[in-house]
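Numbering-wise (our numbering), the sequence shown opens with residue 24 and increments by one. Every residue, glycine too, gets a C-beta built ideally from N, C-alpha and C. Model, not experiment: these values are computed from the prediction.
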Amino acid sequence: MSLDSNSSWIGSLGSFHNVSLLGGVLFTDYAFNFLLAGLALLIAMIGAIVLTLRHIPLAAKKQNAFLQISRSIKTCNIIKSEIGK
24 MSLDSNSSWI GSLGSFHNVS LLGGVLFTDY AFNFLLAGLA LLIAMIGAIV
74 LTLRHIPLAA KKQNAFLQIS RSIKTCNIIK SEIGK
């Protein structure tokens, strides 16, 4: 069905749904604008991902629990105490 100005297409609008009419208009009359909007959204999405991405440096500081709680025998004082005193 063609939508020429000479044909009476207004009477046949009842057989179409709003979604199909909107899709027909978007992909025919506004196809370039629709593609540009999609490209702009894609660029915005990639930009948001890049801005929130955190780079972890190679020499990240890490804790070593064994070194923090271990002691050398030289720094320890061993005291012998008698029981009951």
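Unbroken alpha helix (DSSP H) stretches of 4 residues or longer found wholly inside the stretch 40-103: 41-51, 54-75, 88-92, given in chain order. If you draw a straight line from the Cα of H40 to the Cα of I72, it comes to about 37 Å. Counting only the Cα atoms, I92 lies some 11 Å from Q86.
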